[in-house]
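Enquirer: Handing you this structure, nothing more for now.
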Amino acid sequence: MPKKKLRLALLSAQLLFAGVSAAGAQGVFAADCPASWVEGAQYQVAQEVLYQGDIYRALVTHTAYPGAGWTPEVGSLWERVRPAGCDGGDDSDGGDSDGGDNGDGDSGGDDGDGGDHGAGEGPYNGAPIPIPGVLEAEHYDYGAFQDTTPTNEGGALRQDAVDIEASTSNGYNIGWIEPGEWLEYSVNVSESGVYTMSSLVAAESAEGRFAVSIDGARAVEVTAPVTGGWQNWTWVDAGLELSAGEHRLRVTMLQSGFNLNALQFTLGDGPGPDPDVSRLWAGANQYQLAHMSEADRRKQLQAMKDSGLKVLRVFVTRRGDAPWEIQPKGWTYEEPLGVYHDDQLEKMDKLMQECQEMGIKMVLALINFAYAQDSNSVYYNAFGPVGMYRQDAIDAYKKRFTHFLNHQNPYLGNKKWKDINDVVLAWEIANESGVSLANENLSNDQKYDIHRNFLTQMAAHLKAEDPDTYVSLGIAGYDKYYNKGSADDIKTLGDIPAADIYTLHYYGGDLDQWLNDALPSVRQWGKLLFVEEFGKERKVGMEAMTDEYRHVAETARRRGIPWMFWRMGLRKDENTWSIMNDDGVWRDVVDPESKRISEIETSDPWLR
């Protein structure tokens with residue numbers, strides 16, 4: 009965002025009031041101590057707090073629930089950064105408060121009112137940023153910046169003078185940019201060569217420009233094009249040559265009018281992936297697994313474990329009869345309405361125990377709308393297709409959810425389902441809950457209002473029952489291609505407050521476009537996103553299936569999005585959408601792709 013320039017006289021007055029002359033301005037924009045950690049507060053990833061004399065940084069977004077003991081001493085939630093010096097950059101090396109040479113051959117800017125914080129206090133994360141890799145703009149070295157205003161105009165993440173705000177893409181961005189400002193980073197280049205530097209930038213109405221210098225030598229200049237909004241992000245590629253070893257990389261702002269989010273360095277030609285790779289994982293759908301024989305269940309779970317698949321999605325719901333299904337016909341957890349059959353739930357209890365043994369997490373879909381519109385659905389019979397969204401139906405769903413979450417698992421020490429956090433990754437409200445609206449004679453706005461109300465109430469109920477487990481929507485996420493008219497588009501649905509995870513069920517179209525449409529909104533709301541379903545029918549042939557699975561898996565990995573394929577199977581029936589652990593799709597795509605992802609160190613926000 010643009011920033012009103014401060015006049016030198018005003019700045020000098022401020023500095024003199026603080027007991028510092030304008031000529032010695034390089035040290036005045038020092039970091040204040042961050043706020044102290046408080047039980048009950050919500051903390052964003054990378055947010056810093058003061059705790060018992062030290063500065064800690066949050067590794068994940070979380071709420072420090074009262075009584076949970078989630079202090080900064082919990083290593084899975086926080087990391088200790090440094091002792092609480094809280095004095096910003098190193099002032100001893102002077103600086104260029106007069107707008108002179110910043111050390112990389114470019115003019116320091118036209119205001120001359122910023123502080124040059126020199127070499128700083130060291131890398132933001134304690135070690136140089138690795139190249140190839142992603143350089144987050146807000147991760148400049150401690151104290152290594154020059155800014156034209158004394159405070160953080162965006163008020164986010166860090167406590168010094170650099171202007172940082174929350175971003176709709178990739179966490180945070182630098183904004184309020186003015187010519188002459190600069191940021192410096194310690195980097196470590198693993199291999200000499202020509203690199204593609206992809207810059208993630210946004211500019212509302214005018215182009216911006218910045219330069220990148222290595223060890224004081226100008227390497228490349230980048231123009232940020234007009235994108236039509238401060239959070240409308242685009243990648244701009246440029247080439248530069250880097251030598252192996254540790255270097256000082258400086259970004260110097262040459263022209264205002266843009267926001268800077270990140271720099272992605274890729275050895276050789278071509279843009280790099282989106283920068284959320286630490287959150288990647290891969291999984292599989294197998295909705296009737298609980299009702300298979302123990303031998304078949306374990307065969308499927310072992311195949312998942314061997315291939316590095318970490319998450320299993322199953323349905324806690326009745327499924328319509330189909331001749332090619334393995335499950336017993338007619339099984340149900342609830343029939344008639346409000347009468348629950350815990351003997352059937354024990355089959356899910358056993359599957360939970362087996363997943364725990366295998367180290368596999370579970371997403372449990374608690375309703376299945378996609379196959380609800382038939383005589384097998386107790387809810388359809390009671391309420392009808394649109395009636396399934398009425399308040400009396402919603403109240404019945406809530407009772408169902410409460411019963412399930414408080415059901416005790418005899419195979420896991422009689423723990424309630426809502427307390428089995430080491431197995432249950434997420435409660436899913438419903439599978440494709442908008443599908444019953446697809447063929448109804450309602451306006452688009454009416455459909456979205458109905459669906460939004462349903463999801464909002466369901467998510468709030470689940471979060472109240474179990475505040476420690478993710479709530480997933482289970483929606484198709486993009487109804488232009490699949491389930492047309494189902495009121496599933498993520499941007500149109502908007503932020504469902506108690507939900508944590510948005511989902512995409514991809515069966516055709518442009519996956520990159522789906523992600524381009526969904527990701528900015530999801531990240532702006534502070535939520536997670538993954539491709540929950542994708543696949544092709546076996547009758548199209550193994551080659552076409554392999555191409556489709558590879559395309560989706562590679563696209564999701566490139567964009568930093570977890571994926572789950574539809575679905576594992578045991579029978580090679582041409583009329584199914586299943587893949588088997590001994591066929592070509594599994595061998596050529598699922599196994600190598602999921603193993604590749606499983607070697608990446610996954611971060612807590614997903615596989616906690």
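Residue 573 in the numbering used here sits at position 565 of the sequence shown, and the numbers go up by one each step.
The beta carbon of each residue, even a glycine, is placed where N, CA and C say it ideally should be.
1) Return the first residue and the last residue of the alpha helix (DSSP H) that GLN60 is part of.
2) How is the alpha helix (DSSP H) around ASP304 delimited, first residue to last?
3) Residue range of the alpha helix (DSSP H) that PHE412 falls in?
4) Quick one, are the C-beta atoms of THR511 and LEU481 less than 7 angstroms apart?
5) Suppose you measure from the CA of THR238 to the CA of THR69; what does that come to, to the nearest Å?
6) Where in the segment 477 to 502 do unbroken runs of the beta strand (DSSP E), each at least 3 residues long, occur, reported from the N-terminal end onward?
7) Should GLN167 be labelled buried (16 or more other beta-carbon atoms within 10 Å of its own) or exposed?
8) Apart from the five residues just before and just after MET553, which ones in its own chain have a Cβ nearer than 6 angstroms to its Cβ?
9) Is the Cβ-Cβ distance between GLY291 and LEU317 less than 7 angstroms?
10) Apply the 10 Å Cβ neighbour rule to GLU620 and answer buried if 16 or more other Cβ atoms are within range, or exposed otherwise.
11) Touching or not, the segment 167 to 182 and the segment 299 to 309, by the rule of three or more beta carbon pairs under 8 angstroms?
12) Thinking C-alpha only, which one of GLU607, TYR478, TRP243 and ILE182 is nearest THR204?
13) By the three-class DSSP mapping on this structure, what secondary structure does TRP243 have?
14) Does DSSP put PHE153 in a helix, a strand or coil?
15) Whose C-beta lies closer than 7 angstroms to the C-beta of PHE266 among residues of the same chain, with five residues either side of it excluded?
16) Can you tell me where the alpha helix (DSSP H) holding MET466 begins and where it ends?
17) Taking only the alpha-carbon atoms, compute the straight-line gap between TYR64 and VAL347 and give it to the nearest angstrom.
18) Indicate the three-state DSSP secondary structure (helix, strand or coil) for PHE218 in the structure shown.
19) Can you list the beta strand (DSSP E) stretches of 3 or more residues lying completely in the segment 138 to 211, in chain order?
20) Please classify GLU7 as buried or exposed, where buried requires at least 16 other C-beta atoms within 10 Å of its C-beta.
21) Can you check DSSP and say which residues form a bridge with LEU536?
22) Can you grab the Cα-Cα spacing for the pair SER444 / SER494, in whole Å?
23) Mapping the DSSP letters down to three states, classify PRO281 as helix, strand or coil.
24) Can you check DSSP and say which residues form a bridge with PRO91?
25) Can you look up ALA607 in the DSSP assignment and give me helix, strand or coil?
26) Please report the distance separating the alpha-carbon of LYS492 from that of THR157.
27) Take the Cβ of GLU601 as the centre, count every other Cβ of all protein chains shown within 10 Å, and call the residue buried at 16 or more, exposed below.
28) For LYS358, name the three-state secondary structure that DSSP assigns.
29) I'd like to confirm the pairing. Which residues does DSSP put opposite GLY130 in its beta bridges?
30) Does the segment 567 to 576 come close enough to the segment 527 to 547 to have 3 or more Cβ pairs within less than 8 angstroms?
31) Pick helix, strand or coil for THR584, following the three-state DSSP scheme.
Expert: Looking at the coordinates:
1) Counting along the chain, no alpha helix (DSSP H) covers GLN60, and no H or E run does either.
2) Looking at the DSSP string, the run of the alpha helix (DSSP H) that includes ASP304 is 302 to 314.
3) Where PHE412 is concerned, the enclosing alpha helix (DSSP H) stretches over 399 to 414.
4) Here THR511 is near LEU481, since their CB atoms are less than 7 angstroms apart.
5) Contrary to the premise, residue 238 reads as Trp rather than Thr in this sequence. If you take the alpha carbons of TRP238 and THR69, they lie about 24 angstroms apart.
6) Every beta strand (DSSP E) stretch that sits fully inside the segment 477 to 502 and reaches 3 residues is listed by chain position as 478 to 480.
7) By the beta-carbon neighbour count (other beta carbons within 10 angstroms, threshold 16), GLN167 is buried.
8) Answer for MET553: LYS544 and VAL593, listed in chain order.
9) For GLY291 and LEU317, yes; Cβs fall inside 7 angstroms.
10) No statement about residue 620 is possible, as the shown extent of the chain runs from 9 to 616 and does not include it.
11) Using a C-beta cut-off of 8 angstroms, the segment 167 to 182 makes no contact with the segment 299 to 309, since fewer than three inter-stretch Cβ pairs fall below that distance.
12) Among GLU607, TYR478, TRP243 and ILE182, the Cα nearest to that of THR204 belongs to TRP243.
13) Strand, per DSSP.
14) PHE153: strand per DSSP, three-state reduction.
15) Excluding positions up to five away in sequence, the list reads ILE185, VAL209, ALA210, ALA211, GLY216 and ALA232.
16) Segment 452 to 473, the alpha helix (DSSP H) holding MET466.
17) TYR64 and VAL347: Cα-Cα distance of roughly 50 angstroms.
18) The DSSP-derived three-state label of PHE218 is strand.
19) As far as the segment 138 to 211 is concerned, its whole beta strand (DSSP E) runs of at least 3 residues are 141 to 144, 172 to 174, 180 to 182, 190 to 197 and 201 to 210.
20) Since the displayed the chain opens at 9 and closes at 616, residue 7 lies outside it and no answer follows.
21) ILE509, per the DSSP bridge assignment.
22) Straight-line Cα distance between these residues: approximately 7 angstroms.
23) The predicted position of PRO281 is uncertain, since its pLDDT is 39 and thus under 50; no value can be drawn from it.
24) Looking at the DSSP output, PRO91 bridges to ASP62.
25) The amino acid occupying residue 607 in the given sequence is Glu; Ala does not appear at that position. The DSSP-derived three-state label of GLU607 is coil.
26) Rounded to whole angstroms, LYS492 and THR157 show a C-alpha spacing of 50 angstroms.
27) GLU601 comes out buried.
28) LYS358: helix per DSSP, three-state reduction.
29) Looking at the DSSP assignment, GLY130 forms a beta bridge with TYR150.
30) By the Cβ rule, the segment 567 to 576 counts as touching the segment 527 to 547, because three or more pairs are nearer than 8 angstroms.
31) Here THR584 sits in coil by DSSP.
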